[in-house]
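Participant: Residues in the sequence shown are numbered consecutively from 5, following this note's numbering.
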Amino acid sequence: MRMAGPIGVFDSGYGGLTVLQELVQRLPQYDFVYLGDNARAPYGNRSFETVFQYTLEAVEWFFREHGCPLVIIACNTASAKALRSIQQRELPKLAPDNRVLGVIRPTAEVIGNYSRSKSIGVMGTKGTVHSGSYPIEIAHFFPELRITQEACPMWVPLIENDEYQSPGADYFVEQHIRRLFAADTDIDTLLLACTHYPLLMDKIRQFVPPHVQVIAQGDIVAESLADYLQRHPEMENRLTCGTSEAQVRFYTTDTAESFEAGGAAFFRGEVKAIHTDLKP
Ligand code: DGL
């Protein structure tokens, strides 16, 4: 019989912790391993090839070092640029019974339910926006929606460098929100299509019109995973599962100390990290 393993959760850095926090809350019976590739973050401006290579290395690491049957790519940039190739080309060679899921599809499946005006704004990294993944995926589920995107290349660096509460952050947050709403004044739903952006939530709310809903992805992804596990008992049976509290382990490609200091605000709780260089 195959050994059971934890759920792997991956991000370029800290952002995936905002998703992990919701996963742990929604699915506390499972064990999780988180990996932040902080040494190589941010991914937002990197090429398709580079993001694919880095993400593949992470997926291989989850399979090899932790026996994860299921990996969630809790990063929009990596989901946009690497997920499909990993699912279609790499997984059949690596571990055909394992699964790698992203954050774009579960979000696309429900985002139209939030909007009355049928106009949605999507804010993300350059990589996510230029990939066109959101308009393509959302059109499958809500073809009537108007999607306006805005790339915010400064937001992740501001957040990763702990400058997200500074007056400098106000400038960049306002600039991108103003551009987005100038392009479509009917937007009533603003999707934060980057797992780092929930840290800017208070600032974003200051600059968006009051009737606009600002949507973060964490609970959407957690709900979708709960539903997936219910529909896939063959996967559910392969996950390590305690009776009450999730065991969560944190790994980073940068130093453990910096991850612990930086990660707590994202996870909204204590983070004890271990360094890994991802090598076998
Ligand atoms: N959290 C990642 C995302 O959702 C940030 C990407 C980056 O590293 O720039 O896109």
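The beta carbon of each residue, even a glycine, is placed where N, CA and C say it ideally should be.
Using a Cβ-Cβ cut-off of 8 Å (strictly less than) and excluding sequence neighbours within five positions of E94, which residues of its own chain qualify?
Facilitator: These residues qualify, in order along the chain: L60, V63.
Participant: Comparing the CB of G266 with every heavy atom of ligand 1, is any distance shorter than 7 Å?
Facilitator: No, ligand 1 has no heavy atom inside 7 Å of this Cβ.
Participant: Going by C-alpha distance, which of R120, A187, I11, I224 is nearest P32?
Facilitator: Nearest of R120, A187, I11, I224 to P32, Cα basis: I11.
Participant: Return the residue from the list E113, H134, H180 that minimises the CA-CA distance to P147.
Facilitator: Per the Cα distances, E113.
Participant: Would you call the segment 197-208 and the segment 236-244 touching, i.e. three or more CB-CB distances under 8 Å?
Facilitator: Cβ pair count under 8 Å is below three, so no.
Participant: Alpha carbon to alpha carbon, how far is Q251 from G48? Give it in angstroms, no decimals.
Facilitator: So the alpha carbons of these two residues sit roughly 30 Å apart.
Participant: Could you give the uninterrupted runs of the beta strand (DSSP E) lying entirely in the segment 24-77, keeping only those of 3 residues or more?
Facilitator: For the segment 24-77, whole beta strand (DSSP E) runs of length 3 or above, ordered along the chain, are 36-40, 74-77.
Participant: At a cut-off of 7 Å, would you count S16 as near ligand 1, judging by its Cβ distance to the nearest heavy atom?
Facilitator: Flag set: Cβ of S16 near ligand 1.
Participant: Enumerate in chain order the residues of its own chain whose CB-to-CB distance from A260 is below 7 Å, with the five nearest sequence positions on each side excluded.
Facilitator: Around A260: A277, I278, H279.
Participant: Considering only the alpha carbon of each residue, which of A78, W159, A220, D192 lies closest to Q179?
Facilitator: Per the Cα distances, W159.
Participant: Given a cut-off of 8 Å on the beta-carbon distance, is the pair P46 and E154 in contact?
Facilitator: It is not a contact, given that the beta carbons lie outside the stated cut-off.
Participant: Need the endpoints of the beta strand (DSSP E) that Y1 sits in, please.
Facilitator: Coverage of the chain is limited to positions 5 through 284, which leaves residue 1 absent and any answer about it impossible.
Participant: What's the gap between the Cα of F176 and the Cα of R120?
Facilitator: Approximately 28 Å, taken between the alpha carbons.
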